[in-house]
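Student: Residue numbers (the UniProt record's numbering), protein chains in the order written: chain A, 1 to 342; chain B, 1 to 342. Can you keep this structure in mind? I'll have questions shortly.
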DNA sequence: GTAGCTTTCGGTAACGTTCCCGATAACGTT
DNA sequence: AACGTTATCGGGAACGTTACCGAAAGCTAC
């Protein structure tokens, strides 16, 4: 037995489909008695409106497309949780796509989302995306888009990110204040906005304390933990006394590489990550981190997008919403003299 | 401008929609010249068939519904990656739903997936699900369903899980062989199948070595790291010399609780988890784990489901596919005398 | 030269739903 | 008594696509 339709109800009750439709939507022009009949019958046979038929008819779907580089990343899955919670409570369904850090896959998934008539898109750009014209096209076709985390200034859209500058500034300042002078910065490929913001925060902190900005201490690493190790090894030749890693994977990869080389943390080098892993204080040593409010970013992004979809906010009103970060100092970035106290 | 449809092409080329449709599907009964015209025009205006219209017409959607308790869990996100890879290459799209370990949410999401005309369902049961009649109903309506990880014997479906019994047996045996005698087992609520399988493996290993099975050493914990701590504290009163945690969250929660109580690992108690976290060897101490092949479970489950959907496998042919686990011994379960060697 | 075949296309219904336009009564108004 | 109003319902089209049925034109074959 397949699902019951409005036609089945109409046939069974000797009514027309339009009457049944109106009865179910509680239209004023239907006799209360008829309404009762229809509603009861529908309830008895567990009638559910077919969302596909509705999508076809109304050219909308009550679906939000979410495109992230990777689901298997605690940061993104927490963002998705935030998106999910808000969408759910406002009557939208979420479809998740992964770009796998590939520009081509991002293009494909965006097309799929559009084909599925998603009412709006929530996107964190892939690491290899440097051209956002595919998104600009969609925006010109009036498709609501909100970017989060990995945003781009080349697109006039609403963006929701962590306060990367302030977070990076605080992390760097913390390292400087705990006596570090040669602070390496490990970050992700550079088109992505967050890279530049964090780099700017790092640089601003150096400047504040009169430290030189040494390009040899900046390294870009591709994604994936395995790619981090050679970069870290390479950086060690510059004899840094601290690492500031600009991302989740980077921080863990950095930690793993340093441990493999038997570099003492925090005695030899200090380490602080820009991340969101819940196990940071279970690591060896417990890792200092700048925490991004992933859940909140997801919630805010979803709220903004749905406001956009429902016309509560005007389209093409770009802007940047920054959610504050929180620095958590743990053992990995203690000043050397203080280690025993911890 | 909205997306171009078959009608637009027909109008522009002075053809009928049926001709255009057939031309695009490369039907033999269309003049090659006409075909060329249509295909070129479609390519030029970037025509994409509307999947919603197709779903409505064919009562299928090329969509697989995946229902997991939580996305923000490395195990599940890896499974999803496996599902995603296979589905993608076989032309299916994946829609992910979260049950948030709630039976009610599971019911709801299943209904949504069905309403969206998912061609099949891939489900890992929620922790509070003890009744699977909602799934049995769907199965009787010929909807292909494959369970993974958290499966139920009350449903005659294909199941894909890790080899929980063998994995738990190996973990317990390893603890025994490294000199532990009072091995606590921390596990999740008991309706779920994996609980029972792992418990059975644990018990079998005890029996093999003539150790008593002490129910006081078995504890069930709800999900969420915060819920683990009181359970661990309670267990410590039974003076165990080892912990075998049956899940991702449990192992981490256990580690956190033990560290908080300053219980030395592995000197005082040994710890081994049944988990999938990529940071296990970065923890303090590096945590021994029984690794579940999450990616492979996802791949196999997706393959089985798609075979089912495409009729390559007969329906209602229940079975259990067990994917081997792999035990990785790290410092947290070293015999006390050996610690310094590591 | 007529029957039958092939080639190539068009028309229409159908999937489930909503919305617009009527239609039919019963009723009230003047 | 003629007309407008209200309450209640049905019919049809439309969303994009495909499948079935048919139909015209040209051809072959007897």
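Glycine is no exception: its CB is placed at the ideal position from the N, C-alpha and C atoms. Owing to the predicted nature of the structure, the values given are computational and were not obtained by experimental measurement.
For residue 30(A), go through chain B and note every residue whose CB falls closer than 7 Å to its CB, in chain order.
Tutor: Near residue 30(A) there are no residues of chain B at all, since even the closest Cβ is about 24 Å away, more than 7 Å.
Student: Strictly under 9 Å for the Cβ-Cβ distance: is residue 117(B) near chain A by that measure?
Tutor: Taking Cβ atoms only, chain A reaches closer than 9 Å to residue 117(B), which makes this a yes.
Student: Go ahead and label residue 89(A) buried or exposed: buried means 16 or more other beta carbons lie within 10 angstroms of its beta carbon, across all protein chains shown.
Tutor: Result: exposed.
Student: What does the alpha-carbon distance come out to for the pair residue 194(B) and residue 83(B)?
Tutor: Going by the C-alpha atoms only, they are around 20 Å apart.
Student: Given this structure, state the Cα-to-Cα distance separating residue 217(A) from residue 267(A), to the nearest angstrom.
Tutor: Their backbone Cα atoms lie some 19 Å apart in a straight line.
Student: Does any residue of chain B bring its CB to less than 9 Å from the CB of residue 283(A)?
Tutor: Yes, residue 283(A) lies at the interface with chain B (some Cβ there is under 9 Å from its Cβ).
Student: If we cut at 9 Å on Cβ distances, does residue 266(A) have a partner in chain B?
Tutor: No, because no Cβ of chain B sits closer than 9 Å to the Cβ of residue 266(A).
Student: Under 8 Å, with one C-beta from each stretch per pair, do the stretch 290-301 of chain A and the stretch 144-164 of chain A reach the 3-pair mark?
Tutor: Contact between the stretch 290-301 of chain A and the stretch 144-164 of chain A is present, because at least three Cβ pairs lie under 8 Å.
Student: Count the other CB atoms within 10 Å of the CB of residue 332(A); is the residue buried (16 or more) or exposed (fewer)?
Tutor: Residue 332(A) is buried by the Cβ-count criterion.
Student: In the DSSP assignment, find the unbroken beta strand (DSSP E) run with residue 68(B) in it and report its ends.
Tutor: Looking at the DSSP string, the run of the beta strand (DSSP E) that includes residue 68(B) is 63-68.
Student: Could you check if residue 101(B) is buried or exposed, using at least 16 other CB atoms within 10 Å of its CB as the buried criterion?
Tutor: Flag for residue 101(B) reads buried.
Student: Looking only at its chain, what residues have a beta carbon closer than 8 Å to the beta carbon of residue 173(A), apart from the 5 residues adjacent to it on each side?
Tutor: Excluding positions up to five away in sequence, the list reads 205, 208 and 209.
Student: Within 10 Å of its beta-carbon, does residue 311(A) have 16 or more other beta-carbons around it, so buried, or fewer, so exposed?
Tutor: It counts as exposed.
Student: Among the candidates 6(A), 270(A), 275(A) and 123(A), whose CA atom is the shortest distance from the CA of residue 138(A)?
Tutor: Ranking 6(A), 270(A), 275(A) and 123(A) by Cα distance to residue 138(A) puts 123(A) first.
Student: Buried or exposed for residue 150(A), please, with buried defined as at least 16 other CB atoms from any protein chain shown within 10 angstroms of its CB.
Tutor: Counting Cβ neighbours within 10 Å, residue 150(A) comes out buried, since at least 16 surround it.
Student: Tell me the start and end of each unbroken alpha helix (DSSP H) in the stretch 20-86 of chain B that is at least 4 residues and wholly inside, in chain order.
Tutor: As far as the stretch 20-86 of chain B is concerned, its whole alpha helix (DSSP H) runs of at least 4 residues are 32-44 and 51-58.
Student: If we count the other Cβ atoms within 10 Å of its Cβ and call it buried at 16 or more, is residue 18(A) buried or exposed?
Tutor: Under this definition residue 18(A) is an exposed residue.
Student: Along the alpha helix (DSSP H) that carries residue 12(A), what are the first and last residues, could you check?
Tutor: That run of the alpha helix (DSSP H) goes 6-13.
Student: Need the endpoints of the beta strand (DSSP E) that residue 3(B) sits in, please.
Tutor: That residue, residue 3(B), is in no beta strand (DSSP E); it is neither H nor E in DSSP.
Student: Considering Cα atoms alone, identify which of 62(B), 153(B) and 219(B) is closest to residue 184(B).
Tutor: Checked all of 62(B), 153(B) and 219(B); the closest Cα to residue 184(B) is 219(B).
Student: I need the straight-line Cα distance from residue 135(A) to residue 186(A), nearest angstrom please.
Tutor: Their backbone Cα atoms lie some 29 Å apart in a straight line.
Student: Between residue 307(B) and chain A, is there a C-beta pair that is closer than 9 Å?
Tutor: False, the Cβ-Cβ gap to chain A never drops below 9 Å.
Student: From the DSSP output, in three-state form, read off residue 292(B) for me.
Tutor: Looking at residue 292(B) - three-state DSSP - the assignment turns out to be coil, as it is neither helix nor strand.
Student: For residue 377(B), decide whether its Cβ has a neighbour in chain A, counting only Cβ atoms nearer than 9 Å.
Tutor: In this structure chain B extends from 1 to 342, so residue 377(B) is not present and cannot be described.
Student: Under DSSP, the beta strand (DSSP E) around residue 123(A) begins and ends at which residues?
Tutor: Segment 120-123, the beta strand (DSSP E) holding residue 123(A).
Student: Determine, using beta carbons only, whether residue 176(B) comes closer than 9 Å to chain A.
Tutor: It does not; no Cβ of chain A falls within 9 Å.
Student: Use the C-beta contact count for residue 341(A): other C-beta atoms within 10 angstroms, 16 or more gives buried, fewer gives exposed.
Tutor: At residue 341(A) the pLDDT is 40, less than 50, meaning the model places this residue with poor confidence and gives no usable figure here.
Student: Closest to residue 250(B) by C-alpha separation, out of 69(A), 199(A) and 279(A), would be which residue?
Tutor: The shortest Cα separation from residue 250(B) among 69(A), 199(A) and 279(A) belongs to 279(A).
Student: Is DSSP giving residue 174(A) helix, strand or coil here?
Tutor: Of the three classes helix, strand and coil, the one that applies to residue 174(A) here is helix, per DSSP.
Student: Under 9 Å between the Cβ atoms of residue 222(B) and residue 256(B)?
Tutor: It is not a contact, given that the beta carbons lie outside the stated cut-off.
Student: Taking 7 Å as the limit between beta carbons, can you name the residues of its chain near residue 180(A), skipping five residues before and five after?
Tutor: 241, 242 and 270, listed in sequence order.
Student: Which residues in chain B have a C-beta closer than 8 Å to the C-beta of residue 255(A)? List them in chain order.
Tutor: Those are 282, listed as they occur along chain B.
Student: Confirm, please, whether the CB-CB distance from residue 52(B) to residue 55(A) is below 9 Å.
Tutor: Against a cut-off of 9 Å, the Cβ pair of residue 52(B) and residue 55(A) comes out as a contact.
Student: Assuming residue 111(B) is part of the alpha helix (DSSP H), what are its boundary residues?
Tutor: Segment 103-115, the alpha helix (DSSP H) holding residue 111(B).
Student: Distance check for residue 141(B) and residue 1(A), CA to CA, integer angstroms please.
Tutor: Unreliable placement is indicated for residue 1(A), whose pLDDT of 48 sits below 50; the coordinate value is still reported in the next sentence. So the alpha carbons of these two residues sit roughly 6 Å apart.
Student: For the stretch 30-37 of chain B against the stretch 70-85 of chain B, are there 3 or more C-beta pairs whose distance is under 8 Å?
Tutor: No: the two stretches stay apart, fewer than three of their Cβ pairs being nearer than 8 Å.
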